[in-house]
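Numbering (the working numbering), first residue to last: 49 to 526.
If you want it as C-alpha coordinates, here you go:
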(Lines of atoms letter the chains of each structure in order from A and count residues from 1; the text may use other names and numbers.)
(Lines give C-alpha, C1' and ligand atoms only; values in the text may rest on other atoms or scores of the structure.)
Protein backbone atom coordinates (compact mmCIF):
# COMPACT_ATOMS: atom_id res chain seq x y z
CA UNK A 1 0.00 0.00 0.00
CA UNK A 2 2.74 2.43 -0.92
CA UNK A 3 0.14 4.49 -2.71
CA UNK A 4 -2.67 3.93 -5.17
CA UNK A 5 -1.40 4.29 -8.71
CA UNK A 6 -3.60 6.43 -10.92
CA UNK A 7 -4.73 4.77 -14.12
CA UNK A 8 -2.56 5.80 -17.08
CA UNK A 9 -4.16 8.79 -18.69
CA UNK A 10 -3.06 8.66 -22.24
CA UNK A 11 -3.21 5.05 -23.36
CA UNK A 12 -4.16 4.75 -26.99
CA UNK A 13 -7.03 2.42 -26.27
CA UNK A 14 -8.54 4.91 -23.89
CA UNK A 15 -8.29 7.64 -26.47
CA UNK A 16 -10.24 5.52 -28.92
CA UNK A 17 -13.03 4.66 -26.52
CA UNK A 18 -13.56 8.01 -24.85
CA UNK A 19 -15.91 10.61 -26.24
CA UNK A 20 -14.26 13.92 -26.97
CA UNK A 21 -17.39 15.93 -26.29
CA UNK A 22 -20.82 15.41 -24.79
CA UNK A 23 -23.10 12.70 -26.08
CA UNK A 24 -26.29 13.78 -27.75
CA UNK A 25 -28.57 12.35 -25.07
CA UNK A 26 -26.68 13.64 -22.02
CA UNK A 27 -29.04 16.53 -21.48
CA UNK A 28 -31.82 18.64 -22.93
CA UNK A 29 -31.28 21.70 -25.01
CA UNK A 30 -34.48 23.45 -24.10
CA UNK A 31 -35.43 23.74 -27.78
CA UNK A 32 -39.12 23.53 -28.66
CA UNK A 33 -38.45 21.73 -31.92
CA UNK A 34 -40.07 24.48 -34.02
CA UNK A 35 -43.63 25.04 -35.27
CA UNK A 36 -46.55 27.02 -33.91
CA UNK A 37 -47.19 30.73 -33.60
CA UNK A 38 -44.97 33.11 -31.65
CA UNK A 39 -46.95 33.09 -28.43
CA UNK A 40 -47.21 29.31 -28.44
CA UNK A 41 -43.48 29.03 -29.18
CA UNK A 42 -42.59 31.32 -26.29
CA UNK A 43 -44.84 29.37 -23.93
CA UNK A 44 -43.32 26.08 -25.01
CA UNK A 45 -39.82 27.51 -24.58
CA UNK A 46 -40.58 28.72 -21.06
CA UNK A 47 -42.02 25.32 -20.16
CA UNK A 48 -38.99 23.50 -21.56
CA UNK A 49 -36.59 25.81 -19.74
CA UNK A 50 -38.46 25.29 -16.47
CA UNK A 51 -37.78 21.57 -16.73
CA UNK A 52 -34.38 21.88 -18.40
CA UNK A 53 -31.32 24.07 -18.23
CA UNK A 54 -33.23 26.96 -16.60
CA UNK A 55 -34.83 24.74 -14.00
CA UNK A 56 -33.03 26.52 -11.16
CA UNK A 57 -33.27 30.03 -12.59
CA UNK A 58 -32.87 32.59 -9.80
CA UNK A 59 -30.98 30.27 -7.46
CA UNK A 60 -27.77 31.47 -5.80
CA UNK A 61 -25.02 28.95 -5.00
CA UNK A 62 -22.41 29.74 -2.37
CA UNK A 63 -19.01 28.20 -3.04
CA UNK A 64 -15.55 28.33 -1.46
CA UNK A 65 -12.23 27.32 -3.04
CA UNK A 66 -8.52 27.99 -2.75
CA UNK A 67 -7.28 31.10 -4.51
CA UNK A 68 -5.38 29.46 -7.35
CA UNK A 69 -5.00 30.13 -11.05
CA UNK A 70 -7.63 27.50 -12.00
CA UNK A 71 -10.11 28.96 -9.52
CA UNK A 72 -9.53 32.46 -10.86
CA UNK A 73 -10.10 31.14 -14.37
CA UNK A 74 -13.33 29.52 -13.24
CA UNK A 75 -14.50 32.76 -11.66
CA UNK A 76 -14.10 34.56 -14.99
CA UNK A 77 -16.49 32.07 -16.56
CA UNK A 78 -19.28 32.24 -13.98
CA UNK A 79 -21.23 34.85 -15.96
CA UNK A 80 -21.46 32.30 -18.79
CA UNK A 81 -22.93 29.80 -16.35
CA UNK A 82 -25.47 32.33 -15.13
CA UNK A 83 -26.47 33.22 -18.69
CA UNK A 84 -26.94 29.54 -19.51
CA UNK A 85 -28.79 28.42 -16.37
CA UNK A 86 -29.95 31.52 -14.52
CA UNK A 87 -27.95 30.34 -11.48
CA UNK A 88 -25.68 32.83 -9.72
CA UNK A 89 -22.51 31.46 -8.12
CA UNK A 90 -20.99 33.47 -5.29
CA UNK A 91 -17.41 32.17 -5.28
CA UNK A 92 -15.32 32.92 -2.21
CA UNK A 93 -11.57 32.45 -2.72
CA UNK A 94 -8.99 32.31 0.07
CA UNK A 95 -5.51 30.87 0.78
CA UNK A 96 -5.20 27.14 1.50
CA UNK A 97 -5.24 27.30 5.30
CA UNK A 98 -8.10 29.81 5.42
CA UNK A 99 -10.25 27.64 3.14
CA UNK A 100 -9.76 24.59 5.36
CA UNK A 101 -10.53 26.59 8.52
CA UNK A 102 -13.69 28.15 7.09
CA UNK A 103 -14.97 24.83 5.78
CA UNK A 104 -14.28 23.09 9.08
CA UNK A 105 -16.20 25.76 10.95
CA UNK A 106 -19.12 25.52 8.51
CA UNK A 107 -19.18 21.71 8.71
CA UNK A 108 -19.02 21.53 12.49
CA UNK A 109 -21.60 24.27 13.04
CA UNK A 110 -24.01 22.90 10.45
CA UNK A 111 -24.48 26.43 9.18
CA UNK A 112 -25.32 25.46 5.60
CA UNK A 113 -23.05 28.31 4.51
CA UNK A 114 -21.86 26.59 1.35
CA UNK A 115 -23.44 24.66 -1.49
CA UNK A 116 -20.10 23.64 -2.98
CA UNK A 117 -16.78 23.29 -1.19
CA UNK A 118 -13.29 22.62 -2.53
CA UNK A 119 -11.02 20.42 -0.45
CA UNK A 120 -7.77 18.46 -0.96
CA UNK A 121 -8.60 14.86 -1.78
CA UNK A 122 -6.80 13.47 1.28
CA UNK A 123 -9.63 14.89 3.40
CA UNK A 124 -12.21 12.77 1.57
CA UNK A 125 -12.39 9.93 4.08
CA UNK A 126 -12.67 12.33 6.99
CA UNK A 127 -15.47 14.30 5.34
CA UNK A 128 -17.42 11.15 4.50
CA UNK A 129 -17.01 9.59 7.94
CA UNK A 130 -18.26 12.78 9.58
CA UNK A 131 -21.14 13.09 7.09
CA UNK A 132 -19.98 16.54 6.06
CA UNK A 133 -20.57 15.83 2.35
CA UNK A 134 -23.18 13.86 0.45
CA UNK A 135 -22.92 11.32 -2.37
CA UNK A 136 -23.44 12.69 -5.86
CA UNK A 137 -24.67 9.42 -7.35
CA UNK A 138 -28.38 10.16 -6.64
CA UNK A 139 -27.99 13.33 -8.71
CA UNK A 140 -26.06 11.50 -11.43
CA UNK A 141 -28.87 8.96 -11.82
CA UNK A 142 -31.62 11.60 -11.92
CA UNK A 143 -32.23 12.18 -15.63
CA UNK A 144 -34.15 15.38 -14.91
CA UNK A 145 -30.86 16.92 -13.72
CA UNK A 146 -28.94 16.02 -16.90
CA UNK A 147 -29.44 19.46 -18.40
CA UNK A 148 -25.95 20.54 -19.49
CA UNK A 149 -25.05 19.96 -23.14
CA UNK A 150 -21.43 18.92 -23.55
CA UNK A 151 -21.16 17.11 -20.22
CA UNK A 152 -20.05 13.49 -20.66
CA UNK A 153 -19.01 11.65 -17.53
CA UNK A 154 -17.07 9.13 -19.65
CA UNK A 155 -14.71 11.97 -20.58
CA UNK A 156 -13.59 12.52 -16.98
CA UNK A 157 -10.23 10.85 -16.38
CA UNK A 158 -11.11 7.87 -14.22
CA UNK A 159 -7.93 7.90 -12.14
CA UNK A 160 -8.45 11.54 -11.19
CA UNK A 161 -12.11 10.98 -10.40
CA UNK A 162 -11.36 7.93 -8.25
CA UNK A 163 -8.70 9.80 -6.27
CA UNK A 164 -10.76 12.91 -5.69
CA UNK A 165 -14.28 11.53 -5.43
CA UNK A 166 -14.50 7.77 -4.87
CA UNK A 167 -14.74 6.54 -1.30
CA UNK A 168 -15.58 2.88 -0.73
CA UNK A 169 -17.16 2.57 -4.18
CA UNK A 170 -19.38 5.63 -3.79
CA UNK A 171 -18.77 8.94 -5.57
CA UNK A 172 -18.84 12.04 -3.39
CA UNK A 173 -17.35 14.68 -5.66
CA UNK A 174 -15.51 15.55 -8.86
CA UNK A 175 -11.83 16.37 -9.38
CA UNK A 176 -10.80 20.01 -9.33
CA UNK A 177 -7.49 21.84 -9.67
CA UNK A 178 -5.72 18.58 -10.42
CA UNK A 179 -1.97 18.98 -10.12
CA UNK A 180 1.06 16.72 -10.04
CA UNK A 181 4.64 17.04 -8.84
CA UNK A 182 7.48 16.81 -11.33
CA UNK A 183 10.98 18.09 -12.04
CA UNK A 184 11.48 21.73 -13.08
CA UNK A 185 14.94 22.95 -14.04
CA UNK A 186 16.87 25.75 -15.72
CA UNK A 187 17.23 24.30 -19.19
CA UNK A 188 19.44 27.19 -20.30
CA UNK A 189 22.01 26.34 -17.62
CA UNK A 190 21.92 22.61 -18.31
CA UNK A 191 22.60 23.31 -22.00
CA UNK A 192 25.31 25.95 -21.48
CA UNK A 193 28.58 24.68 -22.98
CA UNK A 194 30.81 26.25 -20.31
CA UNK A 195 28.73 24.71 -17.53
CA UNK A 196 28.68 21.33 -19.26
CA UNK A 197 32.45 21.33 -19.59
CA UNK A 198 32.96 22.36 -15.97
CA UNK A 199 30.59 19.70 -14.72
CA UNK A 200 32.29 16.98 -16.78
CA UNK A 201 35.67 18.03 -15.45
CA UNK A 202 34.48 17.94 -11.82
CA UNK A 203 32.29 14.84 -11.78
CA UNK A 204 33.58 12.81 -14.69
CA UNK A 205 30.28 12.45 -16.52
CA UNK A 206 28.05 14.63 -18.68
CA UNK A 207 25.70 17.25 -17.28
CA UNK A 208 22.17 16.17 -18.20
CA UNK A 209 18.67 16.04 -16.79
CA UNK A 210 19.08 13.79 -13.73
CA UNK A 211 17.38 10.42 -13.79
CA UNK A 212 18.71 9.19 -10.42
CA UNK A 213 19.16 10.78 -7.00
CA UNK A 214 22.98 10.65 -6.92
CA UNK A 215 23.10 12.76 -10.06
CA UNK A 216 20.48 15.12 -8.65
CA UNK A 217 22.66 15.71 -5.58
CA UNK A 218 25.77 16.29 -7.71
CA UNK A 219 23.95 18.86 -9.83
CA UNK A 220 22.59 20.63 -6.75
CA UNK A 221 26.10 20.89 -5.37
CA UNK A 222 27.55 21.98 -8.72
CA UNK A 223 25.22 24.92 -9.26
CA UNK A 224 25.44 26.26 -5.70
CA UNK A 225 27.68 29.35 -5.91
CA UNK A 226 28.33 32.55 -3.95
CA UNK A 227 27.82 36.07 -5.19
CA UNK A 228 30.79 37.08 -7.36
CA UNK A 229 31.19 33.63 -8.90
CA UNK A 230 30.52 33.08 -12.60
CA UNK A 231 27.43 31.27 -13.84
CA UNK A 232 26.93 30.64 -17.56
CA UNK A 233 29.42 33.40 -18.37
CA UNK A 234 27.83 36.00 -16.08
CA UNK A 235 29.15 37.24 -12.74
CA UNK A 236 26.60 36.62 -10.02
CA UNK A 237 25.39 39.62 -8.03
CA UNK A 238 23.75 37.40 -5.41
CA UNK A 239 24.12 33.85 -4.17
CA UNK A 240 22.85 31.11 -6.45
CA UNK A 241 21.61 27.70 -5.31
CA UNK A 242 21.38 24.27 -6.85
CA UNK A 243 17.88 23.51 -5.63
CA UNK A 244 14.79 25.13 -4.11
CA UNK A 245 12.96 23.14 -1.42
CA UNK A 246 9.84 23.29 0.74
CA UNK A 247 10.34 22.62 4.46
CA UNK A 248 7.78 24.62 6.43
CA UNK A 249 5.58 22.86 8.97
CA UNK A 250 2.87 22.73 6.36
CA UNK A 251 1.32 20.32 3.88
CA UNK A 252 3.99 21.46 1.41
CA UNK A 253 6.84 19.64 3.18
CA UNK A 254 4.82 16.42 3.26
CA UNK A 255 4.04 16.77 -0.42
CA UNK A 256 7.67 17.21 -1.46
CA UNK A 257 9.22 14.59 0.82
CA UNK A 258 6.77 11.85 -0.14
CA UNK A 259 8.18 11.88 -3.68
CA UNK A 260 11.58 10.94 -2.25
CA UNK A 261 10.00 8.42 0.14
CA UNK A 262 8.13 6.55 -2.59
CA UNK A 263 11.06 6.70 -5.02
CA UNK A 264 13.47 5.29 -2.44
CA UNK A 265 11.07 2.39 -1.86
CA UNK A 266 9.56 3.61 1.39
CA UNK A 267 5.95 4.38 2.23
CA UNK A 268 3.45 5.49 4.82
CA UNK A 269 2.17 1.91 4.96
CA UNK A 270 3.63 -1.34 3.69
CA UNK A 271 1.87 -3.79 1.37
CA UNK A 272 0.04 -5.37 4.32
CA UNK A 273 -1.26 -2.04 5.57
CA UNK A 274 1.09 -1.70 8.54
CA UNK A 275 2.94 1.51 9.37
CA UNK A 276 6.12 1.87 7.31
CA UNK A 277 6.87 5.56 7.65
CA UNK A 278 9.93 4.76 9.80
CA UNK A 279 11.15 1.88 7.65
CA UNK A 280 14.80 1.79 6.64
CA UNK A 281 14.02 3.07 3.16
CA UNK A 282 11.79 5.87 4.41
CA UNK A 283 14.53 6.98 6.81
CA UNK A 284 17.09 6.82 4.00
CA UNK A 285 14.91 9.11 1.90
CA UNK A 286 14.59 11.66 4.71
CA UNK A 287 18.37 11.62 5.26
CA UNK A 288 18.75 12.40 1.56
CA UNK A 289 16.17 15.20 1.86
CA UNK A 290 18.15 16.67 4.76
CA UNK A 291 21.50 16.39 2.95
CA UNK A 292 20.04 18.04 -0.14
CA UNK A 293 18.82 21.05 1.83
CA UNK A 294 22.36 22.43 2.25
CA UNK A 295 22.25 23.35 -1.44
CA UNK A 296 18.98 25.28 -1.07
CA UNK A 297 18.51 28.97 -0.18
CA UNK A 298 18.52 29.66 3.58
CA UNK A 299 15.28 29.39 5.51
CA UNK A 300 13.99 26.13 4.00
CA UNK A 301 11.79 25.58 7.07
CA UNK A 302 9.84 28.76 6.32
CA UNK A 303 8.94 27.86 2.74
CA UNK A 304 5.96 26.34 0.93
CA UNK A 305 5.19 26.17 -2.80
CA UNK A 306 4.67 29.94 -2.86
CA UNK A 307 8.20 30.74 -1.73
CA UNK A 308 9.66 27.99 -3.88
CA UNK A 309 7.97 29.42 -6.96
CA UNK A 310 9.26 32.89 -6.13
CA UNK A 311 12.83 31.60 -5.79
CA UNK A 312 12.64 30.01 -9.21
CA UNK A 313 11.01 33.10 -10.72
CA UNK A 314 13.79 35.28 -9.33
CA UNK A 315 16.41 33.05 -10.93
CA UNK A 316 18.26 32.09 -7.75
CA UNK A 317 17.88 28.30 -8.00
CA UNK A 318 18.68 25.78 -10.72
CA UNK A 319 15.98 23.19 -10.13
CA UNK A 320 13.19 21.92 -7.89
CA UNK A 321 10.64 19.19 -7.33
CA UNK A 322 7.43 21.18 -7.59
CA UNK A 323 3.74 21.07 -8.43
CA UNK A 324 3.01 21.66 -12.09
CA UNK A 325 0.39 24.27 -11.27
CA UNK A 326 3.27 26.53 -10.20
CA UNK A 327 4.79 26.36 -13.67
CA UNK A 328 2.54 28.95 -15.35
CA UNK A 329 4.01 31.54 -12.98
CA UNK A 330 7.51 30.56 -14.12
CA UNK A 331 6.51 31.14 -17.75
CA UNK A 332 4.86 34.51 -17.03
CA UNK A 333 7.13 37.04 -18.75
CA UNK A 334 5.69 39.89 -16.70
CA UNK A 335 6.65 38.29 -13.39
CA UNK A 336 9.43 35.77 -14.03
CA UNK A 337 13.09 36.23 -14.92
CA UNK A 338 13.25 32.62 -16.15
CA UNK A 339 10.31 32.60 -18.59
CA UNK A 340 11.30 30.59 -21.64
CA UNK A 341 14.37 29.20 -19.86
CA UNK A 342 12.77 26.32 -17.97
CA UNK A 343 12.53 22.63 -18.73
CA UNK A 344 10.13 20.09 -17.19
CA UNK A 345 10.32 16.34 -16.82
CA UNK A 346 10.18 13.28 -14.60
CA UNK A 347 11.37 13.21 -11.01
CA UNK A 348 14.58 11.19 -10.58
CA UNK A 349 14.07 7.50 -9.86
CA UNK A 350 15.41 5.38 -7.04
CA UNK A 351 13.77 1.97 -6.67
CA UNK A 352 10.65 3.12 -8.47
CA UNK A 353 9.23 6.20 -10.22
CA UNK A 354 7.12 8.61 -8.21
CA UNK A 355 5.03 11.68 -8.87
CA UNK A 356 2.87 13.04 -6.07
CA UNK A 357 -0.73 13.66 -7.16
CA UNK A 358 -2.11 16.70 -5.38
CA UNK A 359 -5.62 17.45 -6.59
CA UNK A 360 -8.55 19.04 -4.86
CA UNK A 361 -12.16 18.00 -5.32
CA UNK A 362 -15.46 19.83 -5.45
CA UNK A 363 -18.06 18.46 -3.03
CA UNK A 364 -21.67 19.17 -2.06
CA UNK A 365 -22.06 19.57 1.72
CA UNK A 366 -24.77 17.54 3.46
CA UNK A 367 -26.38 20.79 4.64
CA UNK A 368 -26.30 22.50 1.24
CA UNK A 369 -29.44 24.53 0.62
CA UNK A 370 -29.37 23.83 -3.13
CA UNK A 371 -27.75 20.45 -3.79
CA UNK A 372 -29.48 19.78 -7.12
CA UNK A 373 -28.44 23.15 -8.55
CA UNK A 374 -24.93 22.46 -7.23
CA UNK A 375 -24.85 19.25 -9.28
CA UNK A 376 -25.87 21.21 -12.38
CA UNK A 377 -22.87 23.46 -11.73
CA UNK A 378 -20.51 20.49 -11.37
CA UNK A 379 -21.69 19.16 -14.71
CA UNK A 380 -21.07 22.50 -16.40
CA UNK A 381 -17.64 22.75 -14.73
CA UNK A 382 -16.70 19.49 -16.43
CA UNK A 383 -17.56 20.49 -19.99
CA UNK A 384 -14.75 20.80 -22.57
CA UNK A 385 -15.16 24.53 -23.09
CA UNK A 386 -14.84 25.35 -19.39
CA UNK A 387 -11.98 22.90 -18.84
CA UNK A 388 -10.03 24.08 -21.87
CA UNK A 389 -10.30 27.71 -20.76
CA UNK A 390 -8.94 26.71 -17.34
CA UNK A 391 -6.05 24.88 -19.05
CA UNK A 392 -5.22 27.86 -21.28
CA UNK A 393 -5.21 30.09 -18.20
CA UNK A 394 -2.66 27.87 -16.46
CA UNK A 395 -4.67 25.09 -14.85
CA UNK A 396 -4.99 21.39 -15.61
CA UNK A 397 -8.16 19.73 -16.88
CA UNK A 398 -10.18 16.76 -15.71
CA UNK A 399 -11.14 15.65 -19.21
CA UNK A 400 -9.29 13.28 -21.52
CA UNK A 401 -10.48 15.18 -24.57
CA UNK A 402 -8.96 18.42 -23.31
CA UNK A 403 -5.61 16.79 -22.53
CA UNK A 404 -5.49 15.67 -26.15
CA UNK A 405 -6.35 19.13 -27.50
CA UNK A 406 -3.66 20.21 -29.98
CA UNK A 407 -3.81 23.83 -28.79
CA UNK A 408 -2.46 22.76 -25.40
CA UNK A 409 0.46 20.71 -26.70
CA UNK A 410 2.39 23.95 -27.29
CA UNK A 411 2.47 24.78 -23.56
CA UNK A 412 6.06 24.23 -22.29
CA UNK A 413 5.09 22.17 -19.26
CA UNK A 414 2.29 20.15 -20.92
CA UNK A 415 4.20 17.01 -21.95
CA UNK A 416 6.06 16.83 -18.64
CA UNK A 417 2.72 17.03 -16.84
CA UNK A 418 1.14 14.32 -18.97
CA UNK A 419 4.06 12.00 -18.33
CA UNK A 420 3.90 12.64 -14.59
CA UNK A 421 0.18 11.86 -14.38
CA UNK A 422 0.83 8.41 -15.86
CA UNK A 423 3.06 7.42 -12.92
CA UNK A 424 1.33 9.43 -10.20
CA UNK A 425 0.83 8.22 -6.66
CA UNK A 426 -1.77 9.35 -4.12
CA UNK A 427 -1.28 10.00 -0.46
CA UNK A 428 -3.62 8.25 2.01
CA UNK A 429 -7.22 9.46 2.12
CA UNK A 430 -8.21 7.65 5.30
CA UNK A 431 -10.15 9.66 7.92
CA UNK A 432 -7.14 9.71 10.25
CA UNK A 433 -4.80 11.21 7.65
CA UNK A 434 -5.39 14.80 8.77
CA UNK A 435 -4.07 14.00 12.24
CA UNK A 436 -1.26 11.87 10.84
CA UNK A 437 -0.21 14.57 8.38
CA UNK A 438 0.00 17.16 11.15
CA UNK A 439 2.38 14.89 13.04
CA UNK A 440 4.43 14.11 9.94
CA UNK A 441 4.86 17.69 8.77
CA UNK A 442 6.10 18.64 12.24
CA UNK A 443 8.70 15.89 12.26
CA UNK A 444 9.88 16.60 8.72
CA UNK A 445 10.30 20.30 9.43
CA UNK A 446 12.07 19.55 12.72
CA UNK A 447 14.53 17.34 10.84
CA UNK A 448 15.37 20.11 8.38
CA UNK A 449 15.79 22.49 11.32
CA UNK A 450 18.34 20.12 12.88
CA UNK A 451 16.21 19.39 15.95
CA UNK A 452 16.19 15.61 15.44
CA UNK A 453 17.70 12.97 13.20
CA UNK A 454 15.70 11.43 10.35
CA UNK A 455 15.34 8.18 12.32
CA UNK A 456 14.15 9.98 15.45
CA UNK A 457 11.72 12.07 13.44
CA UNK A 458 10.10 9.17 11.65
CA UNK A 459 9.98 7.04 14.81
CA UNK A 460 8.11 9.92 16.43
CA UNK A 461 5.77 10.12 13.46
CA UNK A 462 5.16 6.36 13.57
CA UNK A 463 4.24 6.59 17.25
CA UNK A 464 1.71 9.32 16.50
CA UNK A 465 0.33 7.27 13.61
CA UNK A 466 -0.24 4.32 15.95
CA UNK A 467 -2.19 6.55 18.33
CA UNK A 468 -4.31 7.94 15.51
CA UNK A 469 -4.98 4.46 14.09
CA UNK A 470 -5.52 2.64 17.38
CA UNK A 471 -7.55 -0.48 16.71
CA UNK A 472 -7.56 0.07 12.95
CA UNK A 473 -4.29 -1.58 11.91
CA UNK A 474 -3.54 -2.97 9.45
CA UNK A 475 -5.09 -0.32 7.23
CA UNK A 476 -7.16 -1.93 4.49
CA UNK A 477 -8.30 1.10 2.51
CA UNK A 478 -6.50 4.16 1.20
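Glycine included, every Cβ here is placed at the ideal spot set by N, Cα and C.
Sort out for me which residues DSSP pairs residue i with in a bridge.
| i | result |
| --- | --- |
| residue 215 | 218 |
| residue 273 | 288 |
| residue 317 | 323 |
| residue 447 | 204 |
| residue 137 | 109 |
| residue 223 | 409 |
| residue 279 | 282 |
| residue 114 | 142 |
| residue 181 | 413 |
Which residues bound the alpha helix (DSSP H) around residue i?
| i | result |
| --- | --- |
| residue 144 | 144 to 157 |
| residue 168 | Where residue 168 is concerned, there is no enclosing alpha helix (DSSP H), although the beta strand (DSSP E) it sits in stretches over 164 to 168. |
| residue 251 | 241 to 251 |
| residue 467 | 462 to 470 |
| residue 335 | 328 to 340 |
| residue 300 | 299 to 311 |
Check for me: the beta strand (DSSP E) holding residue i runs from which residue to which?
| i | result |
| --- | --- |
| residue 229 | 229 to 234 |
| residue 204 | No beta strand (DSSP E) contains residue 204, which DSSP labels as neither H nor E. |
Considering Cα atoms alone, identify which of the options is closest to residue i.
| i | options | result |
| --- | --- | --- |
| residue 527 | 163, 433, 499 | Examination of residue 527 is not possible in this model, given that the chain is present from 49 through 526 alone. |
| residue 474 | 342, 210, 175 | 210 |
| residue 112 | 494, 482, 150, 265 | 150 |
| residue 383 | 322, 361, 371, 145 | 361 |
| residue 100 | 166, 191, 126, 167 | 191 |
| residue 273 | 212, 460, 342 | 342 |
| residue 347 | 174, 514, 493, 175 | 493 |
| residue 254 | 339, 260, 245 | 245 |
| residue 121 | 434, 514, 523 | 434 |
| residue 340 | 102, 264, 136, 322 | 264 |
| residue 188 | 312, 202, 180, 175 | 202 |
| residue 148 | 418, 336, 408 | 408 |
| residue 308 | 277, 395, 124 | 395 |
| residue 142 | 124, 239, 167, 115 | 115 |
| residue 117 | 310, 445, 393 | 445 |
| residue 184 | 252, 491, 425, 485 | 425 |
| residue 223 | 302, 168, 175, 231 | 168 |
| residue 405 | 454, 471, 364 | 471 |
| residue 259 | 487, 232, 387, 285 | 232 |
| residue 186 | 155, 358, 221, 174 | 221 |
| residue 461 | 154, 388, 311, 355 | 388 |
| residue 402 | 105, 311, 155 | 311 |
| residue 165 | 131, 483, 423, 456 | 423 |
| residue 102 | 126, 133, 123 | 133 |
| residue 216 | 175, 241, 240, 239 | 175 |
| residue 123 | 488, 498, 441 | 441 |
| residue 335 | 160, 131, 502 | 502 |
Could you check how far apart the C-beta atoms of residue i and residue j are, in whole angstroms? I think they sit under 8 Å.
| i | j | result |
| --- | --- | --- |
| residue 421 | residue 109 | 6 Å |
| residue 351 | residue 306 | At roughly 17 Å, the Cβ-Cβ gap does not stay under 8 Å, so residue 351 and residue 306 are not in contact. |
| residue 443 | residue 373 | 7 Å |
| residue 107 | residue 418 | 5 Å |
| residue 464 | residue 393 | 5 Å |
| residue 521 | residue 321 | 7 Å |
| residue 297 | residue 490 | 6 Å |
| residue 331 | residue 517 | Between residue 517 and residue 331 the Cβ distance is about 20 Å, and since that is not below 8 Å, they are no contact. |
| residue 11 | residue 344 | The structure shown does not extend to residue 11, since the chain is modelled only from 49 to 526, so the question has no answer here. |
| residue 510 | residue 326 | 4 Å |
| residue 181 | residue 412 | 6 Å |
| residue 496 | residue 358 | Actually they are not in contact, since the Cβ atoms of residue 496 and residue 358 sit about 19 Å apart, beyond 8 Å. |
*At 3 residues or longer, and completely inside the region 347 to 435: list those beta strand (DSSP E) runs for me, N to C.*
367 to 371, 390 to 393, 408 to 411
*Those runs of the beta strand (DSSP E) which lie wholly inside the region 495 to 521 and span at least 3 residues*: none
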